[in-house]
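**Q**
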Amino acid sequence: MAAPALRIIVDGDSNKIYRKGEKVTGRVILVVEEEEQIQNLGVVFAGNCITKTSRPFHVNGSDNSPSRRQHEEKIRLFNHEKELVPASTLAPKKYTWTFEFTFPESTEPRYKRLIHGANYLREPHPLPPTFLLKTNVPGGAAQISYFVQARYTLGSTKEVKRCRVVLPYHPTPQVNVSREAKCTSSVLYGQSWKPEKDESQRSVNKVFSKVSRRALVNSAPRIIPSIIYPESVAPGQHIPISLVLRNTRDAVNEAQGECTIDSLSITISTYSTTMCGHGVTQPEDIVSKHVTCIARTNMNKTVPFGTTAPLTTNFRLVDDVECVPTFKTYTITRRYTLGISICIKFGEQNFTIRSTTPLEIVPRVPRSALPPSVEEGEDIDPLPLYTPREPSKEFAPSYEEIFALSRMYSSSSLLAPTLSRGSSYMSDVSAASGASTPASEIEEMGFGRGEGRVAVPG
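Its first residue numbered 1, the sequence shown is counted upward by one per residue in UniProt numbering.
1. Note down, one range per segment and in chain order, each alpha helix (DSSP H) of at least 4 residues found wholly within the stretch 77-129.
2. How many Å lie between H9 and F327 at the Cα?
3. Run through the DSSP bridge pairs and tell me what G12 is partnered with.
4. Hey, out of E231, T51, E83, T329, whose CA is closest to G139's CA?
5. Output the boundary residues of the beta strand (DSSP E) element that contains Q191.
6. Within 8 Å, do at least three Cβ pairs link the stretch 252-261 to the stretch 301-320?
7. Looking at C293: is its Cβ nearer than 7 Å to the Cβ of I261?
8. Drop a sphere of 10 angstroms on the beta-carbon of A2, count the other beta-carbons inside from all chains shown, and report buried for 16 or more, exposed for fewer.
9. Quick check on A181: does DSSP put it in helix, strand or coil?
10. Please return the same chain residues whose Cβ sits closer than 8 Å to the Cβ of D319, not counting the five positions on each side in sequence.
11. Quick one, are the C-beta atoms of E108 and K20 less than 7 Å apart?
12. Rounded C-beta distance between R55 and R69? I'm assuming under 8 Å.
13. Output the distance between the C-alpha atoms of Y330 and V321, rounded to the nearest integer angstrom.
14. Using a 10 Å radius around the Cβ and a threshold of 16 neighbouring Cβ atoms, would you call R246 buried or exposed?
15. Look up K345 in the DSSP assignment and give the residues it is bridged to.
16. Which word fits A295, buried or exposed, when buried means at least 16 other C-beta atoms lie within 10 angstroms of its C-beta?
17. Quick check on the burial criterion: 16 or more other C-beta atoms within 10 angstroms. Buried or exposed for D285?
18. Let me check understanding here. Comparing Cα to Cα, which of W193, S288, I29 lies closest to K94?
19. Take K134 as the anchor and find which of P128, I144, L127 has the nearest alpha-carbon.
20. Kindly give me the distance between the Cβ atoms of T270 and I332, rounded to whole angstroms, as I take these residues to be in contact under 8 Å.
21. Within the chosen definition, does the stretch 336-356 reach the stretch 151-159 through at least 3 CB pairs nearer than 8 Å?
22. Between the Cα of T53 and the Cα atoms of T313, V43, E73, R222, which residue gives the shortest distance?
23. List the residues that DSSP assigns as beta-bridge partners of N247.
24. DSSP state of D320, grouped into three classes?
25. With DSSP collapsed to three states, give me the class of V148.
26. Cutting at 8 Å between CB atoms, please list the residues of its own chain near E169, excluding the five before and the five after it.
27. Taking the continuous beta strand (DSSP E) assigned at T307, which residues delimit it?
28. Taking the straight line between their C-alpha atoms, what separation do you get for N314 and H238?
29. With a threshold of 8 Å on Cβ separation, who are the neighbours of S14 within its own chain once the five nearest residues in sequence on each side are excluded?
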């Protein structure tokens with residue numbers, strides 16, 4: 001006897017990405033061919049956070065044992081259930097039930113620090129995005145998924161049948177919607193640079209040593225760099241990065257000193273941390289990835305002291321599966337850093353500025369939620385609406401009225417210049433085009449009226 005066929009259908013586009021507060025509706029279909037006893041039939045709307053890893057067994061103090069201990073932890077982020085049919089006997093028929101759920105704003109579980117350790121988030125927090133990762137450890141993986149699942153239990157065999165549909169989820173930005181990323185400034189006092197003076201400069205300073213202000217201006221600069229960068233950015237937003245070099249010995253830059261940017265390197269690093277286990281035994285895996293986004297050499301870009309020099313133009317994150325928003329949930333963490341390396345020159349001396357700062361990637365903002373740009377907000381004169389009009393009654397002149405056609409065949413006479421014709425119309429054309437087209441390059445075709453053919457010059 002065949003078990004009843006179970007199917008679940010979610011309304012809307014199958015590729016839709018859900019956000020908090022959005023509804024999930026659909027139907028559960030059960031086709032019973034023979035009378036069947038069902039213990040229960042229900043539908044579940046839930047989210048899972050699953051982590052897996054493995055560790056080698058310690059055999060005589062060695063970690064090289066081929067056998068490994070598997071670790072796995074599964075956390076239910078939220079769980080909403082709806083009973084469709086209680087225990088009953090179903091007659092042969094096609095049954096259909098509808099369901100409706102709403103994506104919650106936050107997770108549901110609460111954990112005690114003494115049970116799960118200090119790294120666990122104890123309180124509910126915003127739902128993390130759909131996530132899938134394979135770690136470098138054998139059998140290691142991390143997954144965050146959301147789904148709607150229909151399930152029933154047969155009364156005769158106690159067999160459980162399931163049918164599941166996975167729902168992609170993406171968080172909603174928690175910050176104010178903006179088209180431009182907000183920047184902050186970081187003064188790198190620990191990387192101040194004092195170029196060494198050459199012998200000629202030392203001699204000049206000795207001459208003007210009695211004039212303190214002039215000696216201060218002409219002395220070797222003491223350079224303190226500052227990096228201007230965004231702390232958070234969304235996919236598609238420009239990532240503005242700028243450099244400011246200040247000479248503390250000449251704050252207003254009376255000497256009009258400057259440095260030269262020789263090379264630039266910008267790297268975005270991704271760190272994914274997964275853990276599983278309880279209490280003290282919490283095996284943790286960290287997967288790191290470093291992508292060099294910009295690498296320039298021999299730039300020779302001058303930067304006067306005290307001015308802001310932009311380093312990036314149209315530098316944006318690609319909105320793909322790798323661009324997962326920064327998040328932290330119970331057993332999975334995803335974070336990013338922005339690494340900047342700048343080689344500057346003062347005279348013949350080089351110095352490298354290095355900066356590594358946290359970079360928060362916020363969820364991408366739907367285009368409909370973005371404020372209008374300056375260009376979009378301007379008044380634009382719309383095009384007039386299309387109104388049909390009557391076709392013109394003026395017809396084109398007859399071709400035969402312009403050219404007197406006669407039966408002609410391909411011969412050497414066809415290569416004769418058009419200027420030899422006596423038509424006044426062609427005389428006007430030749431006069432107009434004679435300055436740009438030599439007569440030797442003008443060819444003519446002969447048309448046979450009765451035979452419907454074209455004589456092409458040989």
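Note that beta-carbon positions come from the ideal geometry of N, C-alpha and C, so glycine has one too.
**A** This is what the structure holds:
1. 113-116
2. For the purposes of this step, residue 9 is taken as residue 9 along the sequence shown, with counting starting at 1. For the purposes of this step, residue 327 is taken as residue 327 along the sequence shown, with counting starting at 1. Before going on, a small fix: residue 9 reads as Ile here, not His. Computed Cα separation, rounded: 30 Å.
3. Counting from 1 along the sequence shown, the entry for residue 12 is found at position 12. The partner list for G12 (beta bridge, DSSP) is empty, contrary to what the question assumes.
4. The residue given as residue 139 occupies position 139 in the sequence shown. The residue with the shortest Cα to Cα distance from G139 is T51.
5. Your numbering for residue 191 matches position 191 in the sequence shown. Element bounds for Q191: n/a, residue is neither H nor E.
6. In short, these stretches touch, since the Cβ pair count reaches three.
7. As a first step, residue 293 must be located in the sequence shown, where it is residue number 293. As a first step, residue 261 must be located in the sequence shown, where it is residue number 261. Not closer than 7 Å, so no.
8. As a first step, residue 2 is located in the sequence shown; it is residue number 2 there, counting from the start. Exposed.
9. Here residue 181 corresponds to residue number 181 of the sequence shown, with the count starting at 1. Three-state DSSP puts A181 in coil, outside helix and strand.
10. Residue numbering aside, residue 319 sits at position 319 when the sequence shown is read from its first letter. If we look at D319 and ignore the five residues flanking it on each side, its Cβ neighbours are P235, G236, R364.
11. One-based indexing of the sequence shown puts residue 108 at position 108. One-based indexing of the sequence shown puts residue 20 at position 20. Not a contact, by the Cβ cut-off of 7 Å.
12. As a first step, residue 55 is located in the sequence shown; it is residue number 55 there, counting from the start. As a first step, residue 69 is located in the sequence shown; it is residue number 69 there, counting from the start. Yes, R55 and R69 are in contact; Cβ-Cβ is about 5 Å, under 8 Å.
13. As a first step, residue 330 is located in the sequence shown; it is residue number 330 there, counting from the start. As a first step, residue 321 is located in the sequence shown; it is residue number 321 there, counting from the start. C-alpha separation (whole angstroms): 22 Å.
14. As a working mapping, residue 246 is identified with position 246 in the sequence shown. Buried, because 16 or more other Cβ atoms sit within 10 Å of the Cβ of R246.
15. Looking up residue 345 in the sequence shown gives position 345. Beta-bridge pairing links K345 to T260, N350.
16. Stepping through the sequence shown from its first residue, residue 295 is reached at position 295. A295 comes out exposed.
17. Taking the sequence shown and counting its residues from 1, the one referred to as residue 285 is at position 285. Result: buried.
18. If you number the sequence shown from 1, residue 94 lands on position 94. Minimum Cα distance to K94 is reached at I29.
19. Numbered from its first residue, the sequence shown carries residue 134 at position 134. Closest in C-alpha terms to K134, from the list P128, I144, L127, comes I144.
20. Within the sequence shown, numbered from 1, the residue matching residue 270 stands at position 270. Within the sequence shown, numbered from 1, the residue matching residue 332 stands at position 332. With a Cβ gap of about 13 Å, T270 and I332 do not count as contacting.
21. no
22. On the sequence shown, residue 53 is found 53 positions in, with the first residue counted as 1. The shortest C-alpha separation from T53 is found at E73.
23. Looking up residue 247 in the sequence shown gives position 247. I223.
24. Looking up residue 320 in the sequence shown gives position 320. Note: D320 maps to coil in three-state DSSP.
25. Position 148 of the sequence shown holds residue 148. DSSP places V148 in strand when its eight states are reduced to three.
26. Taking the first residue of the sequence shown as position 1, residue 169 is located at position 169. A quick correction: the sequence has Tyr, not Glu, at residue 169. Cβ contact annotation for Y169 (same chain, cutoff 8 Å, sequence separation greater than five): I17, Y18, R19, G47, F103, L127, P129, T130, Y146, in chain order.
27. Counting from one through the sequence shown, the residue named residue 307 turns up at place 307. Element bounds for T307: n/a, residue is neither H nor E.
28. Residue mapping note: residue 314 aligns to position 314 of the sequence shown, counting from 1. Residue mapping note: residue 238 aligns to position 238 of the sequence shown, counting from 1. Each residue's alpha carbon lies about 6 Å from the other.
29. The residue labelled residue 14 in the question sits at position 14 within the sequence shown. Within the same chain, S14 has no close Cβ partners at all.
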